[in-house]
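In what follows, a structure is listed as structure tokens, so that the remarks can point back to it.
In the numbering used here, the protein residues as written are 4 to 216.
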């Protein structure tokens, strides 16, 4: 029994030693002392605490490199107001439904974590009814594509751009309607295009008929 116990203790020490070694080799910041929601004021946090790391977590399709640069950076003094401004900055990208700031106290200072909830992304973008303008051109003018976040505002802006493009090309009666992309549960954007008749087409038909008669 004594031998078995000694072997068990030796095995446990080996596991613990291996874990400590792996953690040291990773070069990671020490395990956090606590994690809390970011307070609205700095009263609960020492204003002299320095930020040692800034993380964005929860993103699956949105690339961090394509997001705006945040004010909160490693090496700076902890500033709740700057963090709140960064939350607004991330919201303005319209790529996230929610942005929740947290802070993690470690021995070296504070780790700031922005936990984000992504908006669903467009799986398809379709134009129905366009004959005189190619779908490729409409996609370019709409400035919306597969992989973009599904956002009713963004989809409406795309519709408006396409309709304005038709008007600029002389299709005064052209109308573009959003069929899909503004309702909860939509997986893509579908635009119904009624091109109407262009001024040039109407003028050609009118003059041709006048001369013929």
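Note that the Cβ used here is the ideal one computed from N, Cα and C, for glycine as well.
Q) What's the call for residue 169, buried or exposed, on a 16-neighbour Cβ count within 10 Å? A) buried
(Q) Quick check: what's the CA-CA separation for residue 117 versus residue 181? (A) 34 Å
**Q.** Cβ pair count under 8 Å reaching 3, the region 148-156 against the region 125-139
**A.** yes
(Q) Which residue marks the beginning of the beta strand (DSSP E) containing residue 171, and which one marks its end? (A) Where residue 171 is concerned, there is no enclosing beta strand (DSSP E), although the alpha helix (DSSP H) it sits in stretches over 155-171.
Q) What is the rounded straight-line gap between the Cα of residue 82 and the Cα of residue 187? A) 36 Å
Q. Exposed or buried, what is residue 65 when buried is set at 16 or more other beta-carbons lying within 10 Å of its beta-carbon?
A. buried
Q | beta strand (DSSP E) segment containing residue 104, residue limits | A | 99-109
Q: Helix, strand or coil for residue 90, going by three-state DSSP, please let me know.
A: helix
Q: Enumerate in chain order the residues of its own chain whose CB-to-CB distance from residue 85 is below 7 Å, with the five nearest sequence positions on each side excluded.
A: 74, 75
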